[in-house]
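These protein sequence lines map, in sequence, to chains L and X. As numbered in the numbering used here, residues 126 to 238 make up the first sequence, in order. As numbered in the numbering used here, residues 4 to 118 make up the second sequence, in order. For every residue, glycine included, the Cβ atom is placed at its ideal position computed from N, Cα and C. Here is the structure we will look at, set down as structure tokens.
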Amino acid sequence: DVKVTQSSRYLVKRTGEKVFLECVQDMDHENMFWYRQDPGLGLRLIYFSYDVKMKEKGDIPEGYSVSREKKERFSLILESASTNQTSMYLCASSLPREAYGYTFGSGTRLTVV
Amino acid sequence: AQSVTQLDSQVPVFEEAPVELRCNYSSSVSVYLFWYVQYPNQGLQLLLKYLSGSTLVESINGFEAEFNKSQTSFHLRKPSVHISDTAEYFCAVSEGGGSNYKLTFGKGTLLTVNP
């Protein structure tokens with residue numbers, strides 16, 4: 126069964142910490158995405174990547190960075206966590222053809238205290 | 004730029020009642036349309052999609068959606084819902100023609116099925 130795996134389901138971090146959220150896919154997908162999901166706001170795109178070592182900013186990149194050193198892994202980095210980054214984070218991957226849609230991971234619920 | 008509007012943020016219904024979740028999009032080019040479902044504490048799963056051809060598409064669990072180009076809509080329907088259909092539903096659109104594409108999502112509709 127094809128999968129997008131996010132390393133943690135629940136995470137609690139302190140304000141100011143550097144936080145790494147990991148995402149791995151086993152489908153050989155070129156495209157990978159990071160979203161955050163908040164009540165009433167839906168899914169908002171943080172960063173995406175179309176290939177190894179490539180990254181592009183989404184709609185809300187401030188306070189985040191990403192890394193894609195290997196095709197199967199896409200990491201989201203919170204450089205200095207703040208309480209307003211408490212959210213559900215969703216990783217997704219896709220083939221480079223829009224007809225297929227995305228495959229999502231199960232999400233990481235991050236709480237910053 | 005494309006956008007997606009889900010007209011209802013919450014839809015409460017009773018079990019075995021019909022339901023319609025509304026989705027409108029705006030785009031100046033041809034589109035692909037998707038419905039995703041998110042059960043509590045899970046990620047999003049693809050429910051169904053419209054690419055081309057027949058404007059009525061169906062999922063394996065009884066949902067259907069109809070693409071209406073003139074009204075730029077892609078409403079999701081089910082004639083009789085179950086308790087297990089309680090979830091959040093997201094409509095999404097992708098503009099055709101690109102290879103490096105993004106989906107644009109609506110803000111979601113929370114469907115609550117009550118006994």
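Taking only the alpha-carbon atoms, compute the straight-line gap between Asn71/X and Cys26/X and give it to the nearest angstrom. When only Cα atoms are considered, Asn71/X and Cys26/X end up about 11 Å apart.
Using a C-beta cutoff of 8 Å, does Ser133/L count as contacting chain X? By this cut-off, Ser133/L is not an interface position.
Ordered along the chain, which non-local residues of its own chain (more than five positions away) have a Cβ less than 6 Å from that of Ser76/X? So the list reads Asn27, once near-sequence residues are dropped.
Measure how close the beta-carbons of Ala90/X and Leu51/X come, nearest whole angstrom, since I'm counting them as under 8 Å. With a Cβ gap of about 14 Å, Ala90/X and Leu51/X do not count as contacting.
Figure out for me which residue from Ala206/L, Tyr189/L and Glu142/L has the closest Cα to the Cα of Phe199/L. Residue Tyr189/L is the option with its Cα nearest to Phe199/L.
Cβ-based neighbour list, Lys138/L, same chain, cut-off 6 Å, excluding 5 preceding and 5 following: Once the five neighbours on either side are set aside, the close Cβ partners of Lys138/L are Val144, Ala206 and Val237.
Going by DSSP, which residues form a beta bridge with Ile202/L? The bridge partners DSSP lists for Ile202/L are Phe145/L and Ser190/L.
Whose CA, out of Gln13/X, Ser6/X and Gln5/X, lies closest to the CA of Gly111/X? For Gly111/X, the closest C-alpha among the options Gln13/X, Ser6/X and Gln5/X is that of Gln13/X.
Check whether chain X comes within 8 Å of Phe173/L, counting only Cβ atoms and requiring the distance to be less than that. Chain X has a Cβ within less than 8 Å of the Cβ of Phe173/L.
Mind listing the chain L neighbours of Phe70/X? Cutoff is C-beta to C-beta under 7 Å, in chain order. None at all; the shortest Cβ gap to chain L is about 14 Å.
Please list the partners that Leu146/L has in chain X, where partner means a Cβ-to-Cβ separation under 7 Å. Under the 7 Å cutoff, chain X gives no residues; its nearest Cβ is about 13 Å from Leu146/L.
Taking the continuous beta strand (DSSP E) assigned at Phe37/X, which residues delimit it? For Phe37/X, the enclosing beta strand (DSSP E) starts and ends at Val34 to Gln41.
Per-residue DSSP class, three states only, for Val133/L: In the sequence as presented, Val is not what sits at residue 133/L; that position holds Ser. Coil, per DSSP.
Contacting residues, own chain, Cβ-Cβ under 6 Å from Gln74/X (five flanking each side not counted): Within the same chain, Gln74/X has no close Cβ partners at all.
Any beta carbon of chain L sitting closer than 8 Å to that of Phe108/X? Chain L, which has a Cβ nearer than 8 Å to the Cβ of Phe108/X, makes this yes.
Local conformation of Tyr92/X per DSSP, three classes: In this structure, Tyr92/X counts as strand in the three-state DSSP scheme.
Same chain, Cβ closer than 6 Å to Leu146/L, five either side skipped, listed in chain order: Here the set comprises Leu201, Tyr214 and Thr233.
With DSSP run on the structure shown, which of helix, strand or coil describes Ile86/X? The answer is helix: DSSP assigns Ile86/X an H, G or I state.
Between Met179/L and Ser218/L, which are expected to be in contact by the criterion C-beta below 8 Å, what is the C-beta distance as a whole number of angstroms? Separation of the CB atoms of Met179/L and Ser218/L is rounded to 14 Å, and the pair is thereby denied contact status at 8 Å.
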